[in-house]
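Have a look at the structure below before the remarks.
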Amino acid sequence: MGSHSSSPHLFLFLLLSVVFFRPAAPAEALDGAAADEKQDRNALEIIIGGGGRQIDVDPSGITKTWRGRNVCKYKGFDCARLPDKGKVKGVTGVNLNGKGLGNSRGNLSLNGFIEKLEDLVYFHANTINFNSIFFKNISKKKLRYFYELDLSNNKLKGGFPRAVLSGNRLTFLDLRFNSLTGRLPPEVFDLDLRALFLNNNGFNGKIPDNIGRTRVFYLTLASNKFEGPLPESLVTNSTSNRLIEVLFTNNLLSGCLPYQIGLLKRNALFDVSINRLKGPIPHSFACLREMRLLNLSYNEFSGVVPETICKLPKLDKLSLQNNYFTQVGPECRKRILQKRLDVSMNCIIDLPRQRKPSDCKKFYLKPFKCPNERLLSKVPCKLDHLLADVDASESDPAQDIAPSPAYAALDPEYTYPHN
């Protein structure tokens, strides 16, 4: 492992410039400094009228600023001059993150808040008390510049809000930490998103087979009730060249890992921990040359840990604990010494902190075969990236790992930066 002290800066640049890039809003639309004080009367009526009237719980006092005719002085609202409105400013951003707004009747909805603000670029409302979505159309015909929707850590219930599927300009969609249930509609993977955060809901059933059509860089489906195998269709030309981080942790997934995962050329974080997955680690994982964090812990994986995976040049952390692996070779043992590989609670007889021999025997008395077993030993790439030797020094601790947008999504009150 060479030094990569600059990687956090590179990662943050990637996060800010790729995921939260709003591609189509004209520059002049986001630069309202020189605009005069004329305001969008339509926005004024929407905020003070239909939308704002619902709110009577306001611990931060933000709604006290929603007075007068100058909408752009209201806290939580950003304005800019739009090219087709002359000197009139439009409301281009709403940021209510963490304000705890609510309704004493418990029925705070988004009716009248989003689709009528026709100049909206982003709507961020983490940790409010929205419990329903009544808007019908947020398409580019209705909202020309609408790229970011964050309704995380609210009180949304029922199935996936199908109104969101009309958001064909969205690049960022965050619905994590709600009480949404049912099957995930396949159409969500047809949206032109760069980040999709759906973790900590109650979605169930199989992951839609068209997941490989997604264009996201960051995907979290963690802490739901997804079941069945990971679709082989996860890997396509689109995801192979785009998907940087993906979290499937804490679901009910079963079966074997698809060989195709090793074809994810840009993948740096892959987490399927806390599921019911079985079988060996596919040898194709040796092709994950960008991998930094690989977490397969708390499953029923078995067999030998491939040496080639332990030689991945950028690997910071390999978590294999609480499985049924039986053997690790010298390269993997170097990772253990560096505290970059955790194989505790497995069936490796010469290592400490392993399962009881009786538990291992019981597991292996019930043999399991993967349906694609022959593919699992295939390596679909040249392994020249594995030529560098792993430094076995015990004094070389694991390096600081760059910030992860996907893991940050596991914090209900975490909010993502916006310009």
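Going left to right, the sequence shown walks through residues -29 to -1, 1 to 390 as mature numbering (1 follows the signal peptide of the UniProt record, and there is no 0) numbers them. C-beta: ideal position from N, C-alpha, C; glycine also.
Measuring only the C-alpha atoms, how far is residue 305 from residue 127?
Residue 305 and residue 127 have their alpha carbons spaced roughly 47 angstroms apart.
Report the CB separation of residue 301 from residue 274 in whole angstroms; it is logged as a contact under 8 angstroms.
Wrong, their Cβ atoms sit about 17 angstroms apart, outside the cutoff.
Which of helix, strand or coil DSSP assigns to residue 387:
If DSSP states are grouped into helix, strand and coil, residue 387 belongs with coil.
Any idea which residues DSSP pairs residue 65 with across the strands?
For residue 65, the beta-bridge partners assigned by DSSP are 48, 94.
Euclidean distance between Cα positions of residue 387 and residue 149
When rounded, the distance between both Cα atoms is 17 angstroms.
Is residue 173 helix, strand or coil by DSSP?
In the structure shown, the three-state DSSP call for residue 173 is strand.
Tell me the residue span of the beta strand (DSSP E) that contains residue 151.
Residue range 150 to 154 is occupied by the beta strand (DSSP E) that includes residue 151.
Inter-residue CB distance, residue 258 and residue 350 (contact presumed, cutoff 8 angstroms):
Residue 258 to residue 350, Cβ: 7 angstroms. Contact.
On the criterion of 16 or more Cβ atoms from any shown chain inside 10 Å, does residue 27 qualify as buried, or is it exposed?
Residue burial is scored here from C-beta neighbours: residue 27 has fewer than 16 other C-beta atoms within 10 angstroms and is therefore classed as exposed.
Give every residue of the same chain whose Cβ lies closer than 7 angstroms to the Cβ of residue -17, excluding the five residues on either side of it in the sequence, and list them in chain order.
With a pLDDT of only 34 at residue -17, under the threshold of 50, the placement of this residue in the model should not be trusted, and no figure is reported.
Tell me the rounded alpha-carbon separation between residue 118 and residue 92.
About 6 angstroms.
Between residue 181 and residue 198, which are expected to be in contact by the criterion C-beta below 8 angstroms, what is the C-beta distance as a whole number of angstroms?
Between residue 181 and residue 198 the beta-carbon gap is near 18 angstroms, outside 8 angstroms, which marks them as no contact.
Identity of the residues DSSP links to residue 249 by a beta bridge:
Residue 249 is bridged to 227, 271.
Have a look at the DSSP bridge pairing and note the partners of residue 189.
Answer is 166, 216, bridged to residue 189.
Candidates 58, 307, 84, 46: which alpha carbon is nearest residue 69's?
Selected option, being the one with the closest Cα: 46.
Top-ranked residue by Cα proximity to residue 120, from 98, 56, 146, 74:
With respect to the C-alpha of residue 120, the residue from 98, 56, 146, 74 having the closest C-alpha is 146.
From 130, 183, 203, 140, residue whose alpha carbon lies closest to that of residue 169
It is 130.
How many angstroms separate the CA atom of residue 312 from the CA atom of residue 107?
If you take the alpha carbons of residue 312 and residue 107, they lie about 49 angstroms apart.
Using the three-state DSSP reduction, which class does residue 28 fall into: helix, strand or coil?
Strand.
Only counting the same chain, and skipping five residues up and downstream in sequence, which positions put a Cβ closer than 8 angstroms to that of residue 5?
Interpretation of residue 5 is limited by its pLDDT of 35, a score under 50 that renders its predicted location unreliable; no figure is taken from the coordinates.
For residue 32, does the count of other Cβ atoms within 10 angstroms reach 16, so buried, or fall short, so exposed?
Using a 10 angstroms sphere on the CB of residue 32, the tally of other CB atoms stays under 16, which defines it as exposed.
What did DSSP end up calling residue 106 once you bin it into helix, strand or coil?
Assignment of residue 106 by DSSP, reduced to helix, strand and coil, places it in the coil class.
Between the CA atoms of residue 233 and residue 253 - distance to the nearest angstrom
Cα to Cα, residue 253 sits roughly 8 angstroms from residue 233.
Starting from residue 86, trace the beta strand (DSSP E) both ways and give me its first and last residue.
Here residue 86 belongs to no beta strand (DSSP E), and DSSP marks it neither H nor E.
Taking all protein chains shown into account, decide if residue 355 is buried (16 or more other Cβ within 10 angstroms of its Cβ) or exposed.
Residue 355 comes out exposed.
Residue range of the beta strand (DSSP E) that includes residue 34
Unbroken run through residue 34: none, as it is neither H nor E.
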